[in-house]
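In what follows, a structure is listed as structure tokens, so that the remarks can point back to it.
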Amino acid sequence: MYSKAMENISLSPIVAISEEVNRKAQETGKDFILFQRGEIGFSTPQYIVDAMVDALNQGLTKYPVSGGHIKLKKAIIQKLSSFNNVQGIESENIVVVHGGQEGLELVFQLFESKKAVGFAPVWSCVLENFVPYAKTNFVQIPLEADFSVNYDLLENEIKDAALLYLNTPHNPTGKIFSKEEIEKIVEVCRKYNVFILSDEAYEHITFEGKKHFSPMQLDYENIIGVYTFSKTYAMTGWRLGYIVSKNKQLANIFKLGDYTQTAGVPTYTQFAGAEALSNLEMEKKSVSAFMEEFVVRRDAMYEGLRAIDGVKLPCKPEGAFYIFPDFSEFVPKGLSESENKLYVFNKLMDAGVATVYGSCFGNYFQHNLRFSYSTTNLKQIEEGITRIKRALHD
Ligand code: PMP
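Under numbering that gives the first Met the number 0, the first residue of the sequence shown carries the number 0, and numbering increases by one thereafter.
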């Protein structure tokens, strides 16, 4: 009776895990170390909040201009040119949307019922939300154990696909796809005329001078970029992002899609976004303060987990705020399929450490767990590592 596409959407397992943690904490009085969510612990920088209040005080409370306000679009064009090295973008190439989430949803909708491919592990929302909603035939291409790309597998699957979903910096591994990797991936897509959906949600969260390389800067028209304010500016609750397409006709389709489902992003939110992007002095201050903290946490997570006998970490995360170690050493043989994928997750949960189990990110890496350090401070990380060590070895 109802639409299958709507019925097939499921609650993100990450949200389900968070609810379970809350329930368990209440029942047992235990204080959990929360590594499960990609929420940001910092507050939105004050200069951005002030810009929104100013816009409200100016009375910018009416229906928004469809596709986005020119003030924000101008700031985006400037940012794409200087930060992403993406040139030649005009306001008709940009559509302002309600966060990366809506941007990705619109692109998946454009390729409704088509074959799409993506590297696994893959962000759970792609699997639980966009794919069923757009009835996508989604094929997962496993990354290698060191998270490198297997180009033979990619080429095999991409031949008859319409779309490649590419996320860099990568959730859940913290990998940054290098310039060389992206050039090779784009080459394969060009060969078979496949569109690329470039999800750059974590573009600013990169470590040790390793820079994000935007696929959009390459000379290939069929790349659609999706960007968000959520992570860079600690604006997860504002719901602000944008789609960029070099093809203006496609951008117009996204504009109509956004208009149909939301009638646009509030103008005062867009003014705050414009200020976030164009006040470079304040941006530098706040983003670098976030980064300083993330790097300390990343190092503590990496060193702490690596020092636990049997935990495998192929490389140090280079970006985003996740780490995705392999715990297969700790899984006993002969378990049922469901016990198998939850074994270590449950063990850590019992020890008061909340994570996300590997199967939330697709068919591969079932014995990995994702740890987010976006809301945990150094002290909590250290306590978490102590609990993990105890749970696995005592
Ligand atoms: N892409 C990835 C890989 C993400 O992890 C997220 C959020 N966790 C998003 C996009 C979307 O974020 P938002 O909707 O808040 O912009």
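Backbone N, C-alpha and C define an ideal beta-carbon position, used for all residues, glycine too.
- Partner residues in the beta bridge of D325, as assigned by DSSP, are K311, N367.
- Residue pairing of Y226 in beta bridges, as defined by DSSP: Y241.
- Excluding residues up to 5 positions away in sequence, L33, R36, E38, I39, G40 lie with their Cβ nearer than 8 Å to the Cβ of T374 in the same chain.
- By the C-beta density criterion, I69 is exposed, having fewer than 16 other C-beta atoms within 10 angstroms.
- Judged by DSSP in its simplified three-state form, D349 adopts helix.
- F360 places its beta carbon 8 Å or farther from that of M300.
- DSSP places D151 in the uninterrupted alpha helix (DSSP H) bounded by 150-157.
- Following the DSSP letters along the chain, one finds K284 inside the alpha helix (DSSP H) bounded by residues 279-305.
- Nearest Cα to Q108 within the set A119, N128, E89, H97: N128.
- Judged by the Cβ position, G224 fails to qualify as a neighbour of the ligand PMP at the 7 Å threshold, every heavy atom of the ligand being at least this far.
- When C-alpha distances from I175 are compared across L217, K134, P316, the shortest belongs to P316.
- Of the residues assessed, G102 falls on the buried side of the cut-off, its CB having 16 or more other CB atoms within 10 angstroms.
- If you draw a straight line from the Cα of K388 to the Cα of I307, it comes to about 6 Å.
- Taken atom to atom, the span from the alpha-carbon of F326 to that of F137 is near 27 Å.
- Taking C-beta atoms under 8 Å as the contact rule, L162 and L126 fail to qualify, at a distance of about 15 Å.
- In this structure N84 is not in contact with W122, their Cβ atoms being roughly 24 Å apart against a cut-off of 8 Å.
- Of the residues D393, H97, P313, I384, the one whose Cα lies closest to the Cα of S147 is P313.
- DSSP places G40 outside any beta strand (DSSP E), giving it a letter other than H or E.
- In this structure, E199 sits away from S177, with a CB-CB distance that is not shorter than 8 Å.
- When DSSP states are grouped into helix, strand and coil, N84 belongs to the coil group.
- Within its own chain, the residues whose Cβ lies closer than 6 Å to the Cβ of P141, once the five positions on either side in sequence are excluded, are A119, Y363, listed in chain order.
- For K3, the enclosing alpha helix (DSSP H) begins and ends at 3-6.
- For Y164, the enclosing beta strand (DSSP E) covers residues 162-166.
- In terms of Cα proximity to S81, the closest of H211, T385, T354 is H211.
- The distance from the Cβ of V95 to that of G66 is about 7 Å, consistent with a contact at the 8 Å cut-off.
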